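*Asks:* Below you'll find the structure I mean.
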Amino acid sequence: MMGHTHALAGAVAWLGVVPFLADYGMKMTPGEIVAGSVVCAGAALLPDIDHHSGSIAQALGPVTKVLCKGVAWISGGHRHATHSLFFIVLMTFGTDLLAQYFRPGWWVELFLLICLGLRGVGIHVPEREHFNVIINGALALGLTYLMIGMHFAGPGIDLFMGHYYLGWAGLSVGLGCLMHIFTDCLTPEGCPIFWPWNKRFNIPLVPRTNGLMEKWVVLPILTLGVVILAIRTSVGGFAVHWLQHKSG
1 MMGHTHALAG
11 AVAWLGVVPF
21 LADYGMKMTP
31 GEIVAGSVVC
41 AGAALLPDID
51 HHSGSIAQAL
61 GPVTKVLCKG
71 VAWISGGHRH
81 ATHSLFFIVL
91 MTFGTDLLAQ
101 YFRPGWWVEL
111 FLLICLGLRG
121 VGIHVPEREH
131 FNVIINGALA
141 LGLTYLMIGM
151 HFAGPGIDLF
161 MGHYYLGWAG
171 LSVGLGCLMH
181 IFTDCLTPEG
191 CPIFWPWNKR
201 FNIPLVPRTN
211 GLMEKWVVLP
221 ILTLGVVILA
231 IRTSVGGFAV
241 HWLQHKSG
């Protein structure tokens, strides 16, 4: 699947699970819901960190290209270790630990995920890679600062604040990775879900990456899903706020 398909799938998944999270005690502010959507959309490209010419490799120029080549060498190439349950678990708990115990590490990860999300939804100028690196980096840096400073993705720019648990961080990253692997399993190549067992699993509903099925069926459905779920989440949040105001 293409980067924009993965990013939209991540956003749809996050907006879809948010109402259920509240039922289990993880109530989120509107800002946190938006931040979670952005993070999940970016994380939905993360398994392709093993692809030397994919959206991730192009996000920050030489930095991400070297990173992707290194991960590809370690993981055994494209669609191997990073397209497995092992990678989902690693990123979920790794992110959770960073957000809770090493705040600067979480900030760096948040910046990278926003870069990926921007690239995934198509914010770039074709054949202007150096320009894209600057624009992508600047936008991601600004959004990272905004999310952290407004307490959407952490307790603010404060390295010395005491215990603070950002409960949704690991969940959003893990869900994004899961959606990437799920959508890749809809292609004939499939994914080695139970890596290091190399057997690939697939349900080949999408015959070709960037083909007619992906462009004219999958993408429109995901886009419509994002719009509907965003409206539902916004209306639901407004209704709750209104009822609380009336009852108060």
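All residue numbers for the sequence shown refer to UniProt numbering, where the first residue is 1 and numbers rise by one. From the three backbone atoms N, C-alpha and C, an ideal C-beta is built for every residue, glycine too. All of these numbers come straight from a predicted model, not from anything done at the bench.
1. Let's test the definition: count the other Cβ atoms within 10 Å of the Cβ of E189 and tell me whether it reaches 16, buried, or not, exposed.
2. Keeping to the same chain, check which residues put their C-beta closer than 7 Å to that of K27; ignore five residues upstream and five downstream.
3. How do the region 228-235 and the region 11-20 stand: do at least 3 beta-carbon pairs fall below 8 Å, yes or no?
4. Taking the straight line between their C-alpha atoms, what separation do you get for F131 and G174?
5. Would you mind stating whether G77 and A7 have Cβ atoms separated by less than 9 Å?
6. Keeping to the same chain, check which residues put their C-beta closer than 7 Å to that of G122; ignore five residues upstream and five downstream.
7. With 16 other CB atoms within 10 Å as the buried threshold, where does A138 fall?
8. With burial defined as no fewer than 16 other Cβ atoms inside 10 Å of the residue's Cβ, what is the status of A22: buried or exposed?
9. Counting only the same chain and skipping the five closest in sequence on each side, list residues whose C-beta sits under 7 Å from that of F111.
10. Could you pull the start and end residues of the alpha helix (DSSP H) that N132 belongs to?
11. State the start and end residues of the unbroken alpha helix (DSSP H) segment that holds L118.
12. What's the C-alpha gap between V63 and G54?
13. Quick one: Cα of A35 to Cα of Y101, how far?
*Replies:* Put simply:
1. exposed
2. none
3. yes
4. 31 Å
5. no
6. H4
7. exposed
8. exposed
9. A140, L141 and T144
10. E129 to G149
11. R103 to G120
12. 13 Å
13. 20 Å
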